[in-house]
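Engineer: Attaching a single structure in structure tokens format; questions to follow.
2 protein chains.
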Amino acid sequence: MNALQERILKEGKNLGNGILKVDSFVNHQVDPTLMDTCGREFAKRFANVGATKILTAEISGIAPALTTAIHLNLPVVYARKTKPITMPDQVYLTLAPSHTKGRMVELIVSPEYLANNEKVLIIDDFLASGQTILGLVRLAEASGSKVVGIGALIEKTFEGGRDVLSSVGVPIEAIARIKSMDDGKIEFV
Amino acid sequence: MNALQERILKEGKNLGNGILKVDSFVNHQVDPTLMDTCGREFAKRFANVGATKILTAEISGIAPALTTAIHLNLPVVYARKTKPITMPDQVYLTLAPSHTKGRMVELIVSPEYLANNEKVLIIDDFLASGQTILGLVRLAEASGSKVVGIGALIEKTFEGGRDVLSSVGVPIEAIARIKSMDDGKIEFV
């Protein structure tokens with residue numbers, strides 16, 4: 021069992037309906053040592069995919085994407101959910117359903133930082149239904165870039181996201197893979 | 021001149037009205053090496069304030085707060101701007117004006133992660149009017165914690181935030197201090 025799995029068992033809360041609360045070390049409070057360890061692990065697993073840029077979605081993807089970026093020495097771009105005034109009028113924009121927000125959210129990237137022919141490694145906190153990550157894939161492809169890998173801290177295999185993303189045809193890595201949250205429990209693959 | 025100042029002169033864009041665009045290395049795309057360097061610098065400047073926790077605001081504060089947290093080996097909490105479903109009903113909430121959004125935003129912290137008697141180091145990307153950081157100070161104080169230091173990557177001294185925060189009575193550190201953005205230029209203190 022790795023450090024993230026141990027922490028999920030110790031502090032993660034199964035709130036029911038497939039919702040895993042990891043606010044004490046991932047989503048609201050962040051444990052920097054654990055996040056750095058996960059970043060190093062992603063860097064190791066994706067060492068040979070030839071990535072030139074890391075792409076994630078604000079907000080909770082930023083921490084794992086940044087620590088991965090530090091260990092791979094690559095720039096990281098986080099897709100914005102609202103367009104700041106500093107962004108140009110012409111952007112890449114897609115919609116993705118947010119499980120925790122219960123509505124569609126926009127994912128926006130400026131063409132300034134996602135150029136043609138980048139090799140994009142996508143890193144996010146959760147892989148559940150795969151819809152947010154699929155949105156990031158669409159943004160990368162819209163820019164003429166190619167996705168070369170997908171990493172998530174925590175995968176909920178029972179939500180089927182890995183199947184949804186299989187058409188992308190790239191390695192998919194998760195550090196903690198949860199196969200069941202039935203009956204208030206948390207069981208890993 | 022330090023690495024952040026050099027980068028601001030090289031890539032920062034003065035959009036007028038005091039708006040500095042640093043989207044290529046801080047706010048949308050992040051340079052992980054530069055951010056790590058800034059985190060190390062904050063860790064050095066705040067080595068002796070006795071901090072037990074780092075507090076920032078989503079979204080753009082997360083990267084510098086996380087790298088500072090890595091070097092100080094402290095947990096980091098980012099105040100949320102919308103309340104996720106994983107957060108309890110009873111929260112610390114304050115309002116702060118957002119310069120780049122042109123409206124008031126909520127800053128929300130769960131009492132689970134900001135407890136009585138913490139010594140809080142606040143880290144953010146910008147110190148401009150000081151209102152966002154002052155909001156974080158109110159959240160810390162509402163929890164019974166004490167702010168022990170304030171750090172920002174970039175200070176715009178001409179917006180007066182340092183004076184606004186002087187009543188907090190703690191060290192205030194900025195890595196790049198801009199004294200003027202008149203006439204399309206960027207001049208450091």
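For the record, the sequence lines run as chains A and B.
Counted the way my numbering counts, the first sequence spans residues 21 to 209.
Counted the way my numbering counts, the second sequence spans residues 21 to 209.
All residues carry an ideal CB built from backbone N, CA and C; glycine is no exception.
It should be emphasised that the depicted structure is a prediction, and the values quoted were computed from it without experimental measurement.
1) Anything in the stretch 93-109 of chain A with a Cβ closer than 8 Å to a Cβ of chain B? List those residues in chain order, please.
2) Just verifying my parser: in three-state terms, what is the DSSP assignment at Lys33 (chain B)?
3) Given that Asp56 (chain B) touches chain A, what residues does it touch there, using C-beta distances under 8 Å?
4) In chain order, what residues of the same chain have a beta carbon less than 7 Å from the beta carbon of Leu24 (chain B), not counting five sequence neighbours either side?
5) I want to verify the contact list: residues of chain B whose CB lies under 8 Å from the CB of Asn47 (chain A), in sequence order.
6) The stretch 53-83 of chain B: which residues have C-beta closer than 8 Å to a C-beta of chain A, in chain order?
7) Hey, would you say Ile142 (chain B) sits closer than 7 Å to Leu94 (chain B), going by beta carbons?
8) Could you tell me whether the Cβ of Leu159 (chain B) comes closer than 7 Å to any Cβ of chain A?
9) So Leu127 (chain A) is in the alpha helix (DSSP H); what residue range does that whole segment cover?
10) Considering Val167 (chain A), what are the terminal residues of the beta strand (DSSP E) in which it resides?
11) If I measure Cβ to Cβ from Gly81 (chain A) and keep anything under 6 Å in the same chain, skipping five residues before and after, which residues do I get?
12) Could you run through the stretch 131-164 of chain A and flag, in chain order, every residue whose CB is less than 8 Å away from some CB of chain B?
13) When you compare the stretch 59-74 of chain A with the stretch 87-102 of chain A, are there three or more beta-carbon pairs, one atom per stretch, that lie closer than 8 Å?
14) Does the beta carbon of Val209 (chain B) sit closer than 7 Å to a beta carbon anywhere in chain A?
15) Closest to Ile134 (chain A) by C-alpha separation, out of B:Gly32, B:Asn37, B:Lys30, B:Ser44, would be which residue?
16) For Pro52 (chain B), count neighbouring C-beta atoms within 10 Å of its own C-beta (all shown protein chains included) and say buried if the count is 16 or more, exposed if not.
17) How is the alpha helix (DSSP H) around Ile153 (chain A) delimited, first residue to last?
18) If we count the other Cβ atoms within 10 Å of its Cβ and call it buried at 16 or more, is Gln110 (chain A) buried or exposed?
19) Residues of chain A with a CB under 8 Å from the CB of Lys205 (chain B): which are they?
20) Taking 7 Å as the threshold (beta carbon to beta carbon), is Val50 (chain B) in contact with chain A?
21) Measuring only between beta-carbons, confirm whether Leu115 (chain A) sits less than 7 Å from chain B.
22) Would you say Lys30 (chain A) faces chain B, with C-beta separation under 7 Å as the test?
23) Asp43 (chain A) versus chain B: which residues are under 9 Å apart at the beta carbon?
24) Quick check: is the beta carbon of Leu24 (chain B) nearer than 7 Å to any beta carbon in chain A?
25) Determine the DSSP secondary structure at Leu147 (chain A), reduced to helix, strand or coil.
26) Report the residue ranges of all beta strand (DSSP E) runs contained in full by the stretch 32-81 of chain B; include only those spanning at least 3 residues, in chain order.
27) Against chain B, with Cβ distances strictly below 7 Å, would Leu127 (chain A) count as a contact?
Structural biologist: In brief:
1) Asn93, Leu94, Pro95, Val96, Val97, Tyr98, Arg100, Thr102, Pro104, Ile105, Thr106, Met107
2) Position 13 of the second sequence, counting from 1, holds the residue named residue 33 (chain B). Note: Lys33 (chain B) maps to strand in three-state DSSP.
3) To locate residue 56 (chain B), count along the second sequence from 1; it is residue 36. Within chain A, the residues near Asp56 (chain B) are Ile90.
4) As a working mapping, residue 24 (chain B) is identified with position 4 in the second sequence. Same-chain partners within the cutoff: Leu54, Cys58, Leu173, Ile195, Ala196.
5) Taking the first residue of the first sequence as position 1, residue 47 (chain A) is located at position 27. Within 8 Å Cβ-Cβ: Pro104, Thr106.
6) Thr53, Met55, Asp56, Glu78, Ile79, Ile82, Ala83
7) In the second sequence, residue 142 (chain B) corresponds to position 122, counting from 1. In the second sequence, residue 94 (chain B) corresponds to position 74, counting from 1. No, these two residues do not count as a Cβ contact at 7 Å.
8) By 1-based counting over the second sequence, the position of residue 159 (chain B) is 139. False, the Cβ-Cβ gap to chain A never drops below 7 Å.
9) One-based indexing of the first sequence puts residue 127 (chain A) at position 107. Run containing Leu127 (chain A): none in the alpha helix (DSSP H); it sits in the beta strand (DSSP E), 123-129.
10) Along the first sequence, read from residue 1 onward, the residue named residue 167 (chain A) stands at position 147. Start and end: 166-176.
11) As a position in the first sequence, residue 81 (chain A) is number 61, starting the count at 1. So the qualifying residues of the chain are Asp144, Asp145.
12) Glu132, Tyr133
13) yes
14) Along the second sequence, one-based indexing puts residue 209 (chain B) at 189. Chain A, which has no Cβ nearer than 7 Å to the Cβ of Val209 (chain B), makes this no.
15) Here residue 134 (chain A) refers to the residue found at position 114 of the first sequence. Residue 134 (chain A) is actually Leu in this sequence, not Ile. Selected option, being the one with the closest Cα: B:Ser44.
16) Reading the second sequence from its first residue, position 32 is the one you call residue 52 (chain B). Burial call: buried.
17) Position 133 of the first sequence, counted from the start, is the residue given in the question as residue 153 (chain A). Counting along the chain, the alpha helix (DSSP H) containing Ile153 (chain A) begins and ends at 151-162.
18) For the purposes of this step, residue 110 (chain A) is taken as the residue at position 90 of the first sequence. It is exposed - the Cβ of Gln110 (chain A) has fewer than 16 other Cβ atoms within 10 Å.
19) Within the second sequence, numbered from 1, the residue matching residue 205 (chain B) stands at position 185. Those do not exist, as Lys205 (chain B) stays about 18 Å from chain A at its closest Cβ, beyond 8 Å.
20) The sequence position of residue 50 (chain B) within the second sequence is 30, counting from 1. Taking Cβ atoms only, chain A reaches closer than 7 Å to Val50 (chain B), which makes this a yes.
21) The residue labelled residue 115 (chain A) in the question sits at position 95 within the first sequence. It does not; no Cβ of chain B falls within 7 Å.
22) For the purposes of this step, residue 30 (chain A) is taken as residue 10 along the first sequence, with counting starting at 1. Closer than 7 Å: no.
23) Position 23 of the first sequence, counting from 1, holds the residue named residue 43 (chain A). In chain order: Pro104, Thr106, Met107, Ser130, Glu132, Tyr133.
24) Counted from its first residue, the second sequence places residue 24 (chain B) at position 4. Chain A, which has no Cβ nearer than 7 Å to the Cβ of Leu24 (chain B), makes this no.
25) Within the first sequence, the letter at position 127 stands for residue 147 (chain A). Reduced to three states, the DSSP call for Leu147 (chain A) is strand.
26) 73-77
27) Counting from one through the first sequence, the residue named residue 127 (chain A) turns up at place 107. Chain B contact via Cβ: absent.
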